[in-house]
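Residue numbers (numbering that gives the first Met the number 0), protein chains in the order written: chain A, 0 to 296; chain B, 0 to 280.
The C-beta atom is built at its ideal place from N, Cα and C for all residues, glycine as well.
All values derive from a computational prediction rather than experimental measurement.
Below you'll find the structure, written out as structure tokens, and then a few comments.
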Amino acid sequence: MQRVLRALRANGGFFFILPGLVVYLGFIAWPIIATFYNGFFIWDGISPDREFTGLDHYVRLLTKDRAFRLSIRNNVYWAIITVVVLSICGFLFAWLLNQRIRMRNAYRAAFFLPVTASLVVIGYTWEFIYQPEVGMLNHSLRRFGLEELTRVWLADPDVTIFAIILVSLWASLGFWVVVFLAALQAVPQDLYDCAAVDGATGFRQMWHVAVPLTMGTTRALWILGLIRSINAFALVFLLSRGGPYHASEVIAYQIYDLAFRTNHTGYASALSILLLLISAIVTVIQLLLMRGRRVQL
Amino acid sequence: MGFRLKLSRKSVLTHAVLIFVSFIMIFPWLIALSTGLKAPGESALNRGLIPWEIALGNFPEAWRIANVPLLAFNSFVVTAASVVMILFLASLAAYGFARLNFFLKEPFYLLFLAGLMLQAAAIMVPLYQVNVAFGLLDTYYALVGPYIALGLPFAILILRGFFEGLPEEIEDAALIDGASRFTIYWRIMLPLTRPALATVAIFTGLGTWNDFLLPMLMTSKPGLRTMPLGLILFELEGSIGFVLHEYRFALIIMMTLPIVIVFLLLQRQFMSGLTAGAIKG
Chain A
0 MQRVLRALRA NGGFFFILPG LVVYLGFIAW PIIATFYNGF FIWDGISPDR EFTGLDHYVR
60 LLTKDRAFRL SIRNNVYWAI ITVVVLSICG FLFAWLLNQR IRMRNAYRAA FFLPVTASLV
120 VIGYTWEFIY QPEVGMLNHS LRRFGLEELT RVWLADPDVT IFAIILVSLW ASLGFWVVVF
180 LAALQAVPQD LYDCAAVDGA TGFRQMWHVA VPLTMGTTRA LWILGLIRSI NAFALVFLLS
240 RGGPYHASEV IAYQIYDLAF RTNHTGYASA LSILLLLISA IVTVIQLLLM RGRRVQL
Chain B
0 MGFRLKLSRK SVLTHAVLIF VSFIMIFPWL IALSTGLKAP GESALNRGLI PWEIALGNFP
60 EAWRIANVPL LAFNSFVVTA ASVVMILFLA SLAAYGFARL NFFLKEPFYL LFLAGLMLQA
120 AAIMVPLYQV NVAFGLLDTY YALVGPYIAL GLPFAILILR GFFEGLPEEI EDAALIDGAS
180 RFTIYWRIML PLTRPALATV AIFTGLGTWN DFLLPMLMTS KPGLRTMPLG LILFELEGSI
240 GFVLHEYRFA LIIMMTLPIV IVFLLLQRQF MSGLTAGAIK G
């Protein structure tokens, strides 16, 4: 009986994954390989003839391209600010929401609404807030007598990238809060009670009980936050188009600009491969750091 | 009686912080709402939140300029087709990974999982080139194909975990009766997977509905515009070469409100789905 069942259970299942695999390989894996190949050519993306240039694109990217260096810098800002601010704020707000308080669902909905909206909607709304003359931000600053703090938020080389990152924080805070909240709700109440018996109150319960026990979720959020920061595109496209003078450009925007506006498809292909490599390296490092470090309940 | 009204100093502080942050989170939406309700041109003069008069005429005007029924139809077709195909292909593959054995099973699984780190923005050049190669530009397929491929990794991850959590004994009776593996998957396992399918549908559906990058790159025909792309191109559609802020925000309200309502109705399912996804992911 057992043997019959085992034999029936073990039959080949390759045909079950085949349809998905075909779509996945056709639309993602194969094109990425083709892009890797295209990265070795000077090519405008349309014409049949193209010139082999070997590793020149990569050499130029890593040694000469000023816009690429600015992009990397901006992506690093984006990643660090995202992970630090959203880890701390996301966890703290989730901690507050995890107490028995009234209006909890209303607060949670307020945090989470931007996560459900299209970035196009978010981008236009914030562009309107940031407008130098009629925008609500400068208007409010003037009204509170903070005239010297007003900026041309989306066209100031020192400020623009941070103004965009701020929008990104606003848009993703709700996601982090809700995920942290779920992780906190999975921590058994007894552990807090034990800590309370040992004399730990509020902050120390959070630091010594809640933080270590939610570390698995925290690390998963870090990976996700880093991947999204490295691949940030939409808000830069919507708010500043990378300007002024590349000051707020990020890698994905540079790829868009090169491939679809100036037709440097070969160069953009090399840059795409570099971006994928960076994503892969960050993911692998994070996964290695995670290995065996998770606190088990 | 007085028990409910009693607030400790700690909970006053908690509420103060949460109200302040909620205010920051809500305020941009209030600006969008108030601008969409102002009379055309008013926002340049009236910077306050309260419109001088409620100009409901903005909505039919924006509806007409942007051709909202067409945008909604296209977004619906693309999203529905992508979600249905992702659910079908991913559940099929997830069942194979969870219950069946075949050569190189785990390497294939890893190949799919590697896709979790792919974002459309990083591979826009490959996605565009593959659509050129297949001759799909300016068709629904140019959007649906990449959306399916990009959605599969997350869906397979969630669904494999869910299938593995179901007891194997459920299938034994059917196996002894000679049911094929596909029949078991389709008739017995798939109906049991509904909660996980709902999670996947909500997340991939939301992402597809809101995306503007692929429609922007892959389509140029006005007849294929989706909602987010319609909003981006709205600028160019007015009779004087640009449209007024008030019309744009009226369109934004019309785009956002349905999603907000659906979200508020499905809030519980949304949150539990998110939790399952995030913790397993």
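Can you tell which of the options has its C-alpha closest to the C-alpha of residue i?
| i | options | result |
| --- | --- | --- |
| residue 21 of chain B | A:263, A:96, A:183 | A:96 |
| residue 136 of chain B | B:16, B:253, B:207, B:219 | B:219 |
| residue 59 of chain B | B:146, B:35, B:263, B:223 | B:35 |
| residue 165 of chain A | A:138, A:126, A:142 | A:126 |
| residue 227 of chain B | B:255, B:161, B:242 | B:255 |
| residue 34 of chain A | A:253, A:265, A:23, A:210 | A:265 |
| residue 141 of chain B | B:212, B:62, B:12, B:266 | B:212 |
| residue 271 of chain B | B:184, B:165, B:157 | B:157 |
| residue 105 of chain B | A:16, A:78, A:217 | A:16 |
| residue 258 of chain B | A:115, A:70, A:57, A:82 | A:115 |
| residue 191 of chain B | B:163, B:175, B:214 | B:163 |
| residue 121 of chain B | A:258, A:22, A:287 | A:258 |
| residue 119 of chain B | B:234, B:139, B:154, B:150 | B:150 |
| residue 145 of chain B | B:181, B:197, B:186, B:210 | B:210 |
Determine whether the Cβ of residue i lies closer than 8 Å to any Cβ atom of chain A.
| i | result |
| --- | --- |
| residue 46 of chain B | yes |
| residue 246 of chain B | no |
| residue 157 of chain B | no |
| residue 192 of chain B | no |
| residue 2 of chain B | Reliability of the predicted coordinates at residue 2 of chain B is poor, the pLDDT of 46 falling under 50, and no value is obtained from them. |
| residue 99 of chain B | yes |
| residue 74 of chain B | no |
| residue 28 of chain B | yes |
| residue 94 of chain B | yes |
| residue 66 of chain B | no |
| residue 42 of chain B | yes |
| residue 160 of chain B | no |
| residue 10 of chain B | yes |
| residue 172 of chain B | no |
| residue 278 of chain B | Low local confidence applies: a pLDDT of 48 at residue 278 of chain B is under 50, so the model's placement there is unreliable, and no value is given. |
| residue 164 of chain B | no |
| residue 259 of chain B | yes |
Tell me which residues share the same chain as residue i and place their Cβ nearer than 8 Å to its Cβ, disregarding the 5 neighbours each side in the sequence.
| i | result |
| --- | --- |
| residue 152 of chain B | 111, 112, 113, 114, 115, 117 |
| residue 261 of chain B | none |
| residue 220 of chain A | 85, 86, 89, 175, 178, 179 |
| residue 275 of chain A | 31 |
| residue 194 of chain A | 203, 204, 207, 208 |
| residue 9 of chain B | none |
| residue 226 of chain A | 278, 281, 282 |
| residue 57 of chain A | 38, 269, 273 |
| residue 86 of chain B | 154, 196, 199, 200 |
Please go through the same chain and pick out, in chain order, the residues whose beta-carbon is closer than 6 Å to the beta-carbon of residue i, but skip the five residues on each side of it.
| i | result |
| --- | --- |
| residue 96 of chain B | 108, 159 |
| residue 251 of chain A | 230, 232 |
| residue 82 of chain B | 200, 203, 204 |
| residue 127 of chain B | 216 |
| residue 67 of chain A | 60 |
| residue 61 of chain B | 246, 249, 250 |
| residue 160 of chain A | 73, 247 |
| residue 84 of chain B | 147 |
With a threshold of 7 Å on Cβ separation, who are the neighbours of residue i within its own chain once the five nearest residues in sequence on each side are excluded?
| i | result |
| --- | --- |
| residue 189 of chain B | 90 |
| residue 229 of chain B | 65, 70 |
| residue 74 of chain B | 208, 225, 226 |
| residue 19 of chain B | none |
Using beta carbons (cut-off 8 Å, strictly below), is residue i in contact with chain B?
| i | result |
| --- | --- |
| residue 125 of chain A | yes |
| residue 271 of chain A | yes |
| residue 230 of chain A | yes |
| residue 79 of chain A | no |
| residue 294 of chain A | Bear in mind that the predicted position of residue 294 of chain A carries a pLDDT of just 43, short of 50, making it too unreliable to give a figure here. |
| residue 255 of chain A | yes |
| residue 138 of chain A | yes |
| residue 224 of chain A | no |
For a contact meaning CB atoms closer than 8 Å, what does residue i contact in chain D?
| i | result |
| --- | --- |
| residue 227 of chain A | Chain labels in this structure do not include chain D; the protein chains are A and B. |
Taking contact to mean 3 or more Cβ pairs, one atom from each stretch, closer than 8 Å, check whether the segment 19 to 33 of chain A and the segment 237 to 257 of chain A are in contact.
These segments do not touch.
Restricting to runs no shorter than 4 residues, where is the alpha helix (DSSP H) found entirely within the segment 87 to 146 of chain A?
With a minimum length of 4 residues, the continuous alpha helix (DSSP H) runs that stay inside the segment 87 to 146 of chain A are 103 to 115, 118 to 129, 135 to 142.
Touch test, the segment 141 to 155 of chain A against the segment 73 to 84 of chain A, Cβ-Cβ under 8 Å, three pairs minimum:
Touching, no.
Does the structure place the segment 107 to 122 of chain A close enough to the segment 190 to 207 of chain A that three or more beta carbon pairs sit under 8 Å?
In the pairwise beta carbon analysis, the segment 190 to 207 of chain A is classified as not touching the segment 107 to 122 of chain A: fewer than three pairs are separated by under 8 Å.
Give the list of continuous beta strand (DSSP E) stretches no shorter than 3 residues that lie fully inside the segment 242 to 292 of chain A.
List check, beta strand (DSSP E) in window: nothing returned.
Taking 8 Å as the threshold, find out whether the segment 182 to 194 of chain A comes into contact with the segment 210 to 229 of chain A through three or more Cβ pairs.
With a cut-off of 8 Å, the segment 210 to 229 of chain A and the segment 182 to 194 of chain A count as touching, because enough Cβ pairs lie within range.
Please confirm if the segment 42 to 50 of chain A is in contact with the segment 276 to 285 of chain A, defined as three or more CB-CB distances below 8 Å between the two stretches.
Taking a cut-off of 8 Å for Cβ pairs, the segment 42 to 50 of chain A and the segment 276 to 285 of chain A do not touch, as fewer than three such pairs fall below it.
List, from N- to C-terminal side, the alpha helix (DSSP H) runs of 4 residues or more that fit wholly inside the segment 141 to 189 of chain A.
At a cut-off of 4 residues, the continuous stretches assigned as alpha helix (DSSP H) that sit fully inside the segment 141 to 189 of chain A are 159 to 184.
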